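The structure under discussion appears below in the form of structure tokens.
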Amino acid sequence: MGEFFRVALAVAAKDLRVEHRSKTALVSAIAFAALVLVIFNFARDAAAVSREALAPSVLWITFSFSGVIALNRSFALERENAALDGLLLAPVSRSALFLGKYLANLAFVFTVEAVALPLFVLFFGVDLTGSLGGIVLTAVLATTGFVAVGTVFAAMTVRTRFAELMLPLLVLPFLLPPVIGAVQVTARLLAGRPLSEIAGWLRILGFYDLVFVTLCLLLFPPLMDE
Amino acid sequence: MPADPNANAGYMIAAYIVTAVILGGYALALWRKAKGAGRR
Amino acid sequence: MTETPAGRRATRRGLGIVALGLLGLAGVYVLALRYTPMERFQGLPQKIFYVHVPAAWSAMLAFSLVGIASALYLWLRDPRLDLFAESAAEVGLIFSMVMLTTGPLWGRPVWNTWWTWDARLTFTLILFFLFLGYRALRGALQDPGERARFSAVVGILGLVLVPFVHLTVYLFRTLHPQPIVLKPSSPSLPGEMLRTLLVSVGVYTVLLLGFVMTRYGLGAQARLEGGEDAR
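Structural data, given as structure tokens:
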């Protein structure tokens, strides 16, 4: 058991260390998020649609698009150096490998979101007092689920030629339940609704996470092994 | 308000034709593949 | 892998069932157009219902088959299960296409909009993307073992996803009711309309079976011959 987590953390640490050195993927994901926010501001008709009405959707479009970009980079490094095969040759649990990759991806996407959120507040002028905690919780719940699925798909598509196209195509349907839930919760939080109204959606998000993280952990070994 | 019986018949006809084309077309494609494969 | 005679037999039997199904479809057309009463408020376009709804049912059934075959493949590693999943996925794509083309043709005259985000249409759209993704992934992988394993995982994850999509879209819709409901006029279907619908569902199911069997047989033959069709 301890071995399992040790391997996972080692893999995660390696990924994060590599990313920390070059920072290219992180910077591009954050720049992308900023760009999306800017475009949304100019692309709407200020007279017709209020910023408040649009805010939850914009936030979640930004989060999910940046998330998918972040996932793309997940196995890109391995692909360039055929390092994935090296990793797989090591006599370690496949599930541990997955967990490590997953944790690294999660850290990565959370970082992008943590930078995008203040930008969102800045560009959209929303007041987050009172709702910040709820929004952070929602972001964590919604992100956890789809990053798990995205990590599995990233591992698959790295072997294909059009990986950057294939990954979003595969992952998109899996984004729908978390994003629907997250937007509903965010909209209510921003409108100052009580937590009791939101609890149901949060439970669904949590259940989604539980099911898919577990499933991905279980499916990774048969995925990778002949 | 009850609908005029003959209004919008075009949509209905189009839908029925599209369905037949897709399903029939697929059947045809499968059949032709079977003929081709059998020849080998 | 399957011997050629078994593959050919499946193809032949499958085509026979397809022929039966197409005959049945013609029968449904006659039944729906001539022997089913016209719905009062929607008029003729409502009859699209009889070719539209069973397509959604078939697409969903096909997808379930993909998911189940995928799970069994990962467990048993029998390549025939992989071929079956591949066949069901292709057929499901076809039925999704029927659903997604007839839907707008129904929506436009009756509710004045080409697309409605109602539960069934949205759901089938997601299925369509899952089928597409499944197929695209398979096309992009050369190694048969990898192809089978990877698409099996997509199939399983996709099937588990379905209830979540259903739930969240349904909840969303009840919170944001739109004036559009893709249902015939009354909450309960009049007897004759129900009858026609059920007959149509039956015919579509027969077509589904025939298509899958034929596609499976063709795939088995192609794999044996190791030709370009071996996907």
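Protein chains in written order, with our numbering: chain C, 148 to 373; chain W, 1453 to 1492; chain A, 12 to 242. Glycine included, every Cβ here is placed at the ideal spot set by N, Cα and C. Bear in mind that the values here come from a model prediction, so they are computed numbers and not experimental data.
Notebook entry, point to check: Quick one: which chain C residues come within Cβ less than 7 Å of F175/A?
Noted result: As a position in the third sequence, residue 175/A is number 164, starting the count at 1. Simply P324, Y355.
Notebook entry, point to check: Cβ atoms of F271/C and R350/C: under 8 Å apart, would you say?
Noted result: Position 203 of the first sequence, counting from 1, holds the residue named residue 350/C. Position 124 of the first sequence, counting from 1, holds the residue named residue 271/C. Not closer than 8 Å, so no.
Margin query: Taking 8 Å as the cut-off, does the region 201–213 of chain C touch the region 254–274 of chain C (at least 3 CB pairs, one atom from each stretch)?
Written below: yes
Next item on the list: Let me know the secondary structure DSSP gives G54/A once reduced to three states.
Entry: Mapped onto the third sequence, residue 54/A falls at position 43. Residue state, collapsed to three classes: strand.
Checklist line | Contact list for L141/A against chain C, beta-carbon separation under 7 Å | finding: On the third sequence, residue 141/A is found 130 positions in, with the first residue counted as 1. The answer, in chain order, is P320.
Check: Just to confirm, are L111/A and Y1463/W a CB contact at a threshold of 8 Å?
Finding: Taking the first residue of the third sequence as position 1, residue 111/A is located at position 100. Taking the first residue of the second sequence as position 1, residue 1463/W is located at position 11. No. Outside cutoff.
Notebook entry, point to check: Using a beta-carbon distance below 8 Å, is F309/C in contact with chain A?
Noted result: Residue numbering aside, residue 309/C sits at position 162 when the first sequence is read from its first letter. Using a CB distance cut-off of 8 Å, F309/C counts as an interface residue toward chain A.
Check: Is it right to say W125/A is buried, meaning 16 or more other beta carbons lie within 10 angstroms of its own, or is it exposed?
Finding: Taking the first residue of the third sequence as position 1, residue 125/A is located at position 114. By the 10 Å Cβ count, W125/A comes out exposed.
Note to self: Just to confirm before moving on: does the CB-CB distance between S211/A and P65/A stay below 8 Å?
What the structure shows: What you label residue 211/A is simply residue 200 of the third sequence in a count that begins at 1. What you label residue 65/A is simply residue 54 of the third sequence in a count that begins at 1. Closer than 8 Å, so yes.
Notebook entry, point to check: If you draw a straight line from the alpha carbon of V164/A to that of L366/C, how long is it in whole angstroms?
Noted result: If you number the third sequence from 1, residue 164/A lands on position 153. If you number the first sequence from 1, residue 366/C lands on position 219. About 7 Å.
Item checked: Ordered list of alpha helix (DSSP H) runs contained in the region 252–335 of chain C, each at least 4 residues -> 279–304
Notebook entry, point to check: From this set, V294/C, R220/C, Y355/C, which residue's C-alpha is nearest V174/C's C-alpha?
Noted result: Within the first sequence, residue 174/C is the residue found at index 27, counting from 1. For the residues V294/C, R220/C, Y355/C, the minimum Cα distance to V174/C belongs to R220/C.
Margin query: Please confirm whether I208/C has its beta-carbon closer than 8 Å to some beta-carbon of chain A.
Written below: Within the first sequence, residue 208/C is the residue found at index 61, counting from 1. No, I208/C does not count as interfacial toward chain A.
Next item on the list: Taking only beta carbons into account, state which residues of the region 98–127 of chain A come closer than 7 Å to chain W, listed in chain order.
Entry: I105, M108, V109, T112, T113, L116, W117, R119, P120
Notebook entry, point to check: Near L208/A, which residues of its chain fall below 8 Å by C-beta distance, leaving aside the five closest residues on each side in sequence?
Noted result: Along the third sequence, read from residue 1 onward, the residue named residue 208/A stands at position 197. The answer, listed in chain order, is F60, Y61, V64, P65, L200.
Next item on the list: Return helix, strand or coil for M110/A, following the three-state DSSP convention.
Entry: As a first step, residue 110/A is located in the third sequence; it is residue number 99 there, counting from the start. In this structure, M110/A counts as helix in the three-state DSSP scheme.
Notebook entry, point to check: Are the Cβ atoms of T285/C and F245/C separated by less than 8 Å?
Noted result: Taking the first sequence and counting its residues from 1, one reaches residue 285/C at position 138. Taking the first sequence and counting its residues from 1, one reaches residue 245/C at position 98. In this structure, F245/C does not lie closer than 8 Å to T285/C by Cβ.
Item checked: Residue nearest to E311/C in terms of C-alpha spacing, selected from V326/C, L182/C, F212/C -> As a working note, residue 311/C is residue 164 in the first sequence. Closest option to E311/C, judged by alpha-carbon separation, among V326/C, L182/C, F212/C: F212/C.
Note to self: For P369/C, would you say it is in contact with chain A, using Cβ-to-Cβ distances shorter than 8 Å as the test?
What the structure shows: The sequence position of residue 369/C within the first sequence is 222, counting from 1. Judged by the 8 Å Cβ criterion, P369/C is in contact with chain A.
Notebook entry, point to check: Is the region 130–138 of chain A in contact with the region 28–40 of chain A, if contact means three or more CB pairs nearer than 8 Å?
Noted result: no
Notebook entry, point to check: List, in order along the chain, the chain W residues whose C-beta lies closer than 7 Å to that of R226/A?
Noted result: One-based indexing of the third sequence puts residue 226/A at position 215. Chain W residues near R226/A: L1482.
Check: From the beta carbon of I59/A, is the nearest beta carbon of chain W less than 8 Å away?
Finding: Counting from 1 along the third sequence, the entry for residue 59/A is found at position 48. Yes, I59/A lies at the interface with chain W (some Cβ there is under 8 Å from its Cβ).
Checklist line | Beta carbon of I345/C nearer than 8 Å to that of V259/C | finding: Residue numbering aside, residue 345/C sits at position 198 when the first sequence is read from its first letter. Residue numbering aside, residue 259/C sits at position 112 when the first sequence is read from its first letter. Taking 8 Å as the Cβ cut-off, I345/C and V259/C do not qualify as a contacting pair.
Next item on the list: Check each residue of the region 325–340 of chain C: if its Cβ is closer than 8 Å to any Cβ of chain A, include it; give the result in chain order.
Entry: Using a CB distance below 8 Å, the part of the region 325–340 of chain C facing chain A consists of I327, G328, Q331, ordered along the chain.
Check: Counting Cβ pairs closer than 8 Å, one from the region 271–280 of chain C and one from the region 310–325 of chain C, do we hit at least three?
Finding: no
Next item on the list: Pair every Cβ in the region 1469–1476 of chain W with every Cβ in the region 68–76 of chain A, then say whether three or more of these pairs are closer than 8 Å.
Entry: no
Check: So what's N1460/W in DSSP terms, helix, strand or just coil?
Finding: Taking the first residue of the second sequence as position 1, residue 1460/W is located at position 8. The answer is coil: DSSP assigns N1460/W none of H, G, I, E or B.
Checklist line | Neighbour list for Y84/A in chain W, Cβ cutoff strictly below 7 Å | finding: Locating residue 84/A in the third sequence gives position 73, counting from the first residue. In chain order: nothing, as chain W lies at least about 23 Å away.
Check: Is F161/A close to chain C, meaning its C-beta is less than 8 Å from at least one C-beta of that chain?
Finding: Here residue 161/A corresponds to residue number 150 of the third sequence, with the count starting at 1. Chain C, which has a Cβ nearer than 8 Å to the Cβ of F161/A, makes this yes.
Check: According to a CB-to-CB cut-off of less than 7 Å, which residues of the region 289–317 of chain C neighbour chain A?
Finding: Considering only beta carbons, the part of the region 289–317 of chain C lying closer than 7 Å to chain A consists of V296, V299, M303, R306, T307, R308, F309, M313, L316, L317, in chain order.
Margin query: Across the region 137–157 of chain A and the region 326–334 of chain C, are there enough close Cβ pairs to call them in contact, namely three or more that are closer than 8 Å?
Written below: The way I'd put it, the region 137–157 of chain A doesn't touch the region 326–334 of chain C; fewer than three beta-carbon pairs between them come closer than 8 Å.
Notebook entry, point to check: Given V360/C, which residues of its chain have a CB within under 6 Å of its CB, disregarding the five upstream and five downstream residues?
Noted result: Position 213 of the first sequence, counted from the start, is the residue given in the question as residue 360/C. For V360/C, where only same-chain residues beyond five positions count, the Cβ hits under 6 Å are A295.
Margin query: Can you check whether the C-beta of A96/A is within less than 8 Å of a C-beta belonging to chain C?
Written below: Taking the third sequence and counting its residues from 1, one reaches residue 96/A at position 85. It does not: the Cβ of A96/A has no partner Cβ on chain C nearer than 8 Å.
Item checked: Runs of alpha helix (DSSP H) lying entirely within the region 185–230 of chain C, each at least 4 residues, in chain order -> 198–219, 223–228, all fully within the region 185–230 of chain C.
Note to self: Report the CB separation of V154/C from G247/C in whole angstroms; it is logged as a contact under 8 Å.
What the structure shows: On the first sequence, residue 154/C is found 7 positions in, with the first residue counted as 1. On the first sequence, residue 247/C is found 100 positions in, with the first residue counted as 1. The pair is a contact, with the Cβ atoms about 7 Å apart (cut-off 8 Å).
Notebook entry, point to check: If you count every other CB in all the chains shown that lies within 10 Å of the CB of E50/A, and 16 or more means buried, which is it?
Noted result: Position 39 of the third sequence, counted from the first residue, corresponds to residue 50/A. Buried, since its Cβ has 16 or more Cβ neighbours within 10 Å.
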